[in-house]
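Colleague: Residue numbers (the UniProt record's numbering): 1 to 423.
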Amino acid sequence: MIDKEKKKIVWTGFVGTCLEWFDFAIFGVMSAILATNFFPDDSGPVSLIKTFAVFASGFLIRPIATFIWGYLGDKHGRKNTVVFTVLLMSIASLGLGLLPNFESIGIASTVLLVAFRMIQGFACSGEHCGMVTYLYELLPGKTQSRASSIAVSGVYIGMAMATLIGLILHAGLSKQELYAWGWRVPFILSGFAGLASFYIRKKMVETAEFLNATDKQRLTVKEWFKLVFNNKYRMLLGIGAYQLAVLIPYIAFVFVVSYVEKNQLIPVDQLYASNLINLILCGVFVFLAAKVCDALPKQRENIQIVAALALLVGTPFLFESLKQGNIVHFFFAQLYFGFTVAFLVGPFMTTAAKLFDVKVRYTGVSVIMNISAAVFGGMSPVILSLFDTTKSPELYSVMFIMASAAISLVCISANKKVLLKNV
Numbered sequence: 001m002i003d004k005e006k007k008k009i010v011w012t013g014f015v016g017t018c019l020e021w022f023d024f025a026i027f028g029v030m031s032a033i034l035a036t037n038f039f040p041d042d043s044g045p046v047s048l049i050k051t052f053a054v055f056a057s058g059f060l061i062r063p064i065a066t067f068i069w070g071y072l073g074d075k076h077g078r079k080n081t082v083v084f085t086v087l088l089m090s091i092a093s094l095g096l097g098l099l100p101n102f103e104s105i106g107i108a109s110t111v112l113l114v115a116f117r118m119i120q121g122f123a124c125s126g127e128h129c130g131m132v133t134y135l136y137e138l139l140p141g142k143t144q145s146r147a148s149s150i151a152v153s154g155v156y157i158g159m160a161m162a163t164l165i166g167l168i169l170h171a172g173l174s175k176q177e178l179y180a181w182g183w184r185v186p187f188i189l190s191g192f193a194g195l196a197s198f199y200i201r202k203k204m205v206e207t208a209e210f211l212n213a214t215d216k217q218r219l220t221v222k223e224w225f226k227l228v229f230n231n232k233y234r235m236l237l238g239i240g241a242y243q244l245a246v247l248i249p250y251i252a253f254v255f256v257v258s259y260v261e262k263n264q265l266i267p268v269d270q271l272y273a274s275n276l277i278n279l280i281l282c283g284v285f286v287f288l289a290a291k292v293c294d295a296l297p298k299q300r301e302n303i304q305i306v307a308a309l310a311l312l313v314g315t316p317f318l319f320e321s322l323k324q325g326n327i328v329h330f331f332f333a334q335l336y337f338g339f340t341v342a343f344l345v346g347p348f349m350t351t352a353a354k355l356f357d358v359k360v361r362y363t364g365v366s367v368i369m370n371i372s373a374a375v376f377g378g379m380s381p382v383i384l385s386l387f388d389t390t391k392s393p394e395l396y397s398v399m400f401i402m403a404s405a406a407i408s409l410v411c412i413s414a415n416k417k418v419l420l421k422n423v
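1. Tell me where the alpha helix (DSSP H) around Ile251 begins and ends.
2. Among the candidates Leu227, Leu296, Lys359 and Leu219, whose CA atom is the shortest distance from the CA of Ala208?
3. Excluding five sequence neighbours on each side, which residues of the same chain lie with their C-beta closer than 7 Å to the C-beta of Tyr156?
4. Return the residue from the list Met161, Trp21 and Leu237 that minimises the CA-CA distance to Cys411.
5. Count the other CB atoms within 10 Å of the CB of Ile9; is the residue buried (16 or more) or exposed (fewer)?
6. Take every Cβ of the region 17-30, pair it with every Cβ of the region 162-171, and state whether three or more of those distances are shorter than 8 Å.
7. Compute the beta-carbon to beta-carbon distance between Ile266 and Gly325, rounded to the nearest angstrom, for a pair I have assumed lies under 8 Å.
8. Beta carbon of residue 424, beta carbon of Ala353: below 8 Å?
9. Could you pull the start and end residues of the alpha helix (DSSP H) that Glu137 belongs to?
10. What are the boundary residues of the alpha helix (DSSP H) that Tyr71 is part of?
11. For Gln144, which residues of its own chain have a beta-carbon under 8 Å away from its beta-carbon, when the five flanking residues on both sides are left out?
12. What are the start and end residues of each continuous alpha helix (DSSP H) run of 4 or more residues lying completely inside the region 361-388, in chain order?
13. On a CA-only basis, which of Gly77, Leu113, Leu72 and Arg78 is nearest Ile91? Give me that one, please.
14. Excluding the 5 residues flanking Ser404 on each side, which residues of the same chain have their C-beta closer than 7 Å to its C-beta?
15. Between Leu139 and Lys6, how many whole angstroms is the CB-CB distance? I'm expecting something under 8 Å.
16. Would you kindly check if the distance between the Cβ of Thr66 and the Cβ of Ser366 is under 8 Å?
17. Given Phe122, which residues of its chain have a CB within under 6 Å of its CB, disregarding the five upstream and five downstream residues?
18. Among residues of its own chain, excluding the 5 on either side of Ala333, which ones have a beta-carbon nearer than 6 Å to its beta-carbon?
19. If you run the structure through DSSP and keep just helix, strand and coil, what is Phe38?
20. Measuring straight from C-alpha to C-alpha, what distance separates Gly364 and Gly172?
21. Quick check: the region 14-28 against the region 183-201, are at least 3 beta-carbon pairs closer than 8 Å?
22. Considering only residues of the same chain and omitting the five flanking positions on each side of Ser372, which have a CB-CB separation below 7 Å?
23. Could you give the DSSP three-state label for Pro100: helix, strand or coil?
24. What's the call for Lys202, buried or exposed, on a 16-neighbour Cβ count within 10 Å?
25. Which of helix, strand or coil does DSSP assign to Glu183?
26. Which first and last residues belong to the alpha helix (DSSP H) in which Pro347 is found?
27. Given that a residue counts as buried once 16 or more other Cβ atoms are within 10 Å of its Cβ, and exposed if not, what is Trp181?
28. Can you name the start and end residues of the alpha helix (DSSP H) that Ser19 belongs to?
29. If we call anything under 8 Å between Cβ atoms a contact, is Gly154 one with Phe14?
30. Assign Pro267 to one of three DSSP states: helix, strand, or coil.
31. Out of Asn370, Ile303 and Gly158, state which residue places its alpha-carbon closest to the alpha-carbon of Lys416.
32. With a Cβ-Cβ cutoff of 8 Å, do Leu311 and Val345 count as a contact?
33. Out of Lys142, Met402 and His76, which one is the CA nearest neighbour of Val221?
34. Check whether the Cβ atoms of Phe187 and Gly314 sit closer than 8 Å, and answer yes or no.
35. Residues in the same chain with beta-carbon distance under 8 Å from Ser413, minus the five sequence neighbours each way, listed in chain order, please.
36. Nearest CA to the CA of Arg234: which residue from Ala115, Met369, Ile401 and Leu34?
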């Protein structure tokens with residue numbers, strides 16, 4: 001059983017993660033509108049590609065940020081590091097909401113757009129992995145998978161909140177109002193929500209496992225680098241396994257929304273409604289998948305393997321639904337991908353944490369999650385937008401995702417062998 005105080009901390013972490021990922025996801029939801037405001041001289045496809053490139057900049061900062069946050073989290077504590085990320089995120093979101101468009105200040109608006117997006121990426125790179133590590137250590141034993149999965153569920157619920165705001169704005173404002181000032185509202189709201197999250201996170205306590213491990217001696221920089229280097233193989237396997245879990249959500253819930261909206265294949269209100277419902281369901285599925293793994297801990301990696309196989313087989317259906325422009329087909333394609341990726345990512349959070357000793361756990365989890373996010377999460381919308389300019393965009397897109405699924409299968413199997421050696 002989880003005592004009341006720890007349960008309160010877990011839900012505090014969940015709420016904070018929801019708020020922070022609302023900040024991060026709203027950029028993707030508003031990408032088509034941002035394209036018009038900050039790249040007005042380009043054609044529709046070109047401006048959208050450029051906007052997705054700015055979206056990707058929030059991920060590309062992560063390889064650098066991951067080691068900074070990793071060192072801080074392993075040396076100075078999980079709680080303090082995670083709390084600081086929230087403040088950075090709220091500053092960046094407020095900056096985006098108040099940013100003049102291209103017509104007002106020219107190229108300076110584009111430069112500042114990239115800068116604020118990179119600050120968002122820098123902050124998120126420390127928050128997500130930090131909460132996974134924190135919650136895993138907070139509740140050791142039979143509830144570890146559920147505890148660490150809360151941070152992932154928060155990501156999907158935060159993205160759902162961003163989608164809901166997008167749906168409300170499209171329904172309540174005219175197109176002229178939305179493109180003129182309406183798009184600013186969620187960024188400003190998310191900035192103030194970030195300040196609320198900062199207040200919430202300050203009430204958390206440090207994990208006992210970290211305090212016990214660092215009670216006698218804190219790691220020096222040299223010792224930390226040595227531990228990181230000694231764990232490079234595990235980090236690479238983790239990246240290979242996790243990259244699929246990053247790729248699929250950003251394709252299913254970010255890229256396709258802007259793609260379908262831009263090409264007017266499905267009415268915007270139906271599109272956002274499908275996205276909203278499936279994001280919420282995915283957040284629930286992640287927790288349920290983790291609960292199954294807590295009940296069947298020896299099957300944790302096997303469950304991930306089945307999920308990766310399901311994604312490998314099911315890849316063509318999402319793109320087929322896009323071509324048909326049918327909301328029912330689109331909805332069930334999203335549902336399929338949301339359910340299967342939940343049974344991949346929910347159990348994997350515990351796998352990632354178990355791969356590393358407490359002294360380098362924050363860094364190890366950070367490297368896995370952030371390198372995967374930088375390469376496969378941030379770049380996937382850009383790559384798929386480029387595929388859209390070819391003669392066979394669906395074929396290239398399907399091959400890209402299936403290759404990702406195959407790599408994940410190999411690495412999950414290898415992780416299973418590594419963890420068996422630890423027993």
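Idealized CB from N, CA, C, for every residue including glycine.
Modeller: Once the coordinates are examined:
1. Segment: none, Ile251 is in no alpha helix (DSSP H) and carries neither H nor E.
2. Lys359
3. Leu279, Cys282, Gly283 and Val286
4. Leu237
5. buried
6. yes
7. 6 Å
8. No answer is possible for residue 424: the residues shown for the chain start at 1 and end at 423.
9. Ile107 to Leu138
10. Arg62 to His76
11. Tyr136, Asp294, Thr350 and Ala353
12. 361-372 and 379-387
13. Leu113
14. Gln243, Leu244, Leu247 and Phe376
15. 6 Å
16. yes
17. Ile61 and Ala65
18. Phe317, Leu318 and Ser321
19. helix
20. 45 Å
21. yes
22. Ile239, Tyr242, Gln243 and Val246
23. coil
24. exposed
25. First, the amino acid is wrong: residue 183 is Trp here, not Glu. In this structure, Trp183 counts as coil in the three-state DSSP scheme.
26. Ile327 to Lys354
27. exposed
28. According to the sequence as given, residue 19 is Leu; it is not Ser. Element bounds for Leu19: Lys4 to Val29.
29. yes
30. coil
31. Ile303
32. no
33. His76
34. no
35. Glu301 and Ile305
36. Met369
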